[in-house]
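> Take the sequence shown: its letters are residues -18 to -1, 1 to 69, numbered as in mature numbering (1 follows the signal peptide of the UniProt record, and there is no 0).
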Amino acid sequence: MARLIALFLLLVAVCVYGAPKSQPCGLNEEWNECAVVKSCEPKCGQDPPKICPKICVARCQCIKGYKRNLNTDLCVPQECKFFSKAA
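Quick look at the structure:
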């Protein structure tokens, strides 16, 4: 019985300490344990990629209604009106 309890505690410790930790995100960003890869994130002045891998990446991503500005790498309103577009 003691071995079973020790094994259980070991498994709990591995799960708690092995899980990815959220990072502080920038303005208009949020941490997502299952975000798309950064190259597939919506960006101002750029069509979405035709092919994106269906994998989860733990990282900061723009909140809903925002896109990544190519020049500053900041998340801006999705209309991108007042932000220069990439050439």
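Beta carbons are placed, not taken as given, at the ideal position from N, Cα and C, and that holds for glycine.
All of these numbers come straight from a predicted model, not from anything done at the bench.
So C42 is in the beta strand (DSSP E); what residue range does that whole segment cover?
Taking the first residue of the sequence shown as 1, we reach residue 42 at position 60. Counting along the chain, the unbroken beta strand (DSSP E) around C42 starts and ends at V39 to C44.
> What distance in whole Å lies between the Cβ atoms of C44 and E23, which are believed to be in contact at a cut-off of 8 Å?
Here residue 23 refers to the residue found at position 41 when the sequence shown is read from its first residue. Here residue 44 refers to the residue found at position 62 when the sequence shown is read from its first residue. Indeed, because the Cβ distance is near 7 Å, the residues count as touching under 8 Å.
> How far does the beta strand (DSSP E) with V58 in it reach, from first residue to last?
Residue mapping note: residue 58 aligns to position 76 of the sequence shown, counting from 1. Element bounds for V58: C57 to P59.
> Going by the DSSP bridge assignment, what does E23 pair with across the sheet?
Indexing the sequence shown from 1 puts residue 23 at position 41. Partner(s): none; E23 has no beta bridge.
> Need the endpoints of the beta strand (DSSP E) that F14 sits in, please.
The count along the sequence shown starts at 1 and reaches residue 14 at position 32. Per the sequence shown, residue 14 should be read as Asn rather than Phe. Per DSSP, N14 belongs to the beta strand (DSSP E) from E11 to A17.
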